[in-house]
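Start counting the sequence shown at 1; every next residue gets the next number (the numbering used here).
Okay, structure first, notes after.
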Amino acid sequence: MDAKQTRQGVLLALAAYFIWGIAPAYFKLIYYVPADEILTHRVIWSFFFMVALLSVSRQWRQVKRLLKTPKKIFLLALSAVLVGGNWLLFIWAVNNHHMLEASLGYFINPLVNILLGMIFLGERFRRMQWVAVMLGVCGVLVGR
């Protein structure tokens with residue numbers, strides 16, 4: 001990976017963190033809109049964004065290839081249902097004054113993924129990675 005790709009990756013990550021950071025404030029502004037309606041808008045607009053992204057990047061051939069594999073279609077559908085459930089739960093939590101709990105869930109999730117990676121994939125961490133994990137654990141404990 002060259003410096004340009006690294007810089008682009010950092011900028012895209014910062015943009016994603018910014019968007020996720022302001023999302024709760026946005027959902028609070030539209031608290032009167034039912035969570036399922038907000039989710040429906042997210043799904044529809046995400047679809048149009050994906051179509052535009054696939055068109056700009058000229059990746060439709062890969063999509064056609066993917067759609068010929070039933071197992072991959074099933075896995076994509078399953079992941080879509082899980083992500084949709086996650087979105088709905090987050091929107092509901094914000095609209096029902098459970099922002100702290102929703103935030104803690106987003107902090108705990110990577111810690112659970114780390115644990116699962118260690119158990120099922122045999123992943124091992126270097127010292128600084130353990131420091132990062134411990135900082136995450138401390139953040140969850142302080143947030144309670």
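Glycine included, each C-beta is placed from N, C-alpha and C at the ideal position.
If we count the other Cβ atoms within 10 Å of its Cβ and call it buried at 16 or more, is F90 buried or exposed? buried
Which whole runs of the alpha helix (DSSP H) in the region 12–87 are 4 residues long or more, in chain order? The region 12–87 contains these whole alpha helix (DSSP H) runs: 35–57, 60–66.
Does the region 103–116 come close enough to the region 26–46 that 3 or more CB-CB pairs lie under 8 Å? no
Buried or exposed: which applies to A15, given that a residue is buried once 16 or more other Cβ atoms fall within 10 Å of its Cβ? exposed
When the distance is taken between beta carbons, is I38 closer than 8 Å to I186? With the chain running from 1 to 144 in the structure shown, residue 186 is simply not present.
Among I119, V131, N96, which one has its Cα closest to the Cα of A35? N96
Taking the CB atoms as reference points, tell me whether V83 and F27 lie closer together than 8 Å. no
What residues in its chain sit with their C-beta under 8 Å from that of W60, if we drop five residues either side in the sequence? For W60, same chain residues with a beta-carbon under 8 Å away, outside a window of 5 residues either side, are L54 in chain order.
Unbroken alpha helix (DSSP H) run spanning G117, endpoints: Taken as a continuous stretch (DSSP letters only), the alpha helix (DSSP H) holding G117 covers 99–121.
Cut-off 8 Å between Cβ atoms - residues of its own chain near L154, not counting five sequence neighbours on either side: One cannot answer for residue 154 here, as it falls past the ends of the chain, which runs 1 to 144.
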